[in-house]
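Residue numbers (our numbering): 33 to 196.
The structure is reproduced here in structure tokens:
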């Protein structure tokens, strides 16, 4: 686009020079050449100035757009990090709440283990599927080997209350 503009400015300058040249009284050939050269030089200078201005405006616009895009990307990354942090904290809280409810209800202790109630509460919880699977595996191990209940209760508590 800028080449077209430069060419148009040059052509316009030359056209104006030719018009001026044709409408003057008969100058000498040397005066004619000098006049045409000056006018052509001025037209070229004007075209260069216009092209430089357009290039500067384009560079400024690109810089502004890149800055705005970088700011938006940074804000989006911050928002996602905050959201992920909130979700991890929420899952840890949910796990702790489950463990606390089992202890309060007496369904999870060395003396009392209500496999069905605990399994149902894990399956109904908002925990991630991975945490549910791991918790259910530990519960199955307790059911299969009741003598490991104290160790497995601690493993279950650690699983559900740590930030996975």
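Glycine included, C-beta positions come from ideal geometry on N, C-alpha and C.
Hey, residue i and residue j are a contact pair by Cβ (cut 8 Å); roughly how many whole angstroms apart?
i           : j           : result
residue 130 : residue 166 : Actually they do not touch by this definition, with Cβ atoms about 13 Å apart.
residue 83  : residue 34  : 5 Å
Should residue i be labelled buried (16 or more other beta-carbon atoms within 10 Å of its own) or exposed?
i           : result
residue 174 : buried
residue 127 : buried
residue 170 : buried
residue 176 : exposed
residue 75  : buried
residue 49  : buried
residue 150 : buried
residue 54  : exposed
residue 185 : buried
residue 64  : exposed
By DSSP's criteria, residue i is part of a beta bridge. Which residues make up the other side?
i           : result
residue 140 : 145
Which same chain residues end up closer than 7 Å to residue i when comparing Cβ atoms and leaving out the 5 residues on each side of it in sequence?
i           : result
residue 180 : 173 and 174
residue 148 : none
residue 68  : 49 and 53
residue 107 : none
residue 168 : 151 and 154
Using C-beta distances below 6 Å, list every residue in its chain close to residue i, excluding the 5 sequence neighbours before and after it, in chain order.
i          : result
residue 79 : 38, 41 and 42
residue 90 : none
residue 19 : As shown, the chain starts at 33 and ends at 196. That puts residue 19 outside it, with no answer to give.
residue 86 : 34
Sorted by chain position, which residues of the same chain lie with C-beta nearer than 8 Å to residue i's C-beta, five sequence neighbours on each side aside?
i           : result
residue 45  : 71, 72, 74, 75, 76, 78 and 79
residue 164 : 154, 155 and 157
Would you say residue i touches the ligand COA, meaning its beta carbon is less than 7 Å from a heavy atom?
i           : result
residue 192 : Within the structure as shown, the ligand COA is missing, as the structure has no ligands at all.
TODO: Indicate whether the contact test is met: 3 or more Cβ pairs, each with one atom in the region 81-99 and one in the region 156-171, closer than 8 Å.
DONE: Flag = no, the region 81-99 and the region 156-171 do not touch.
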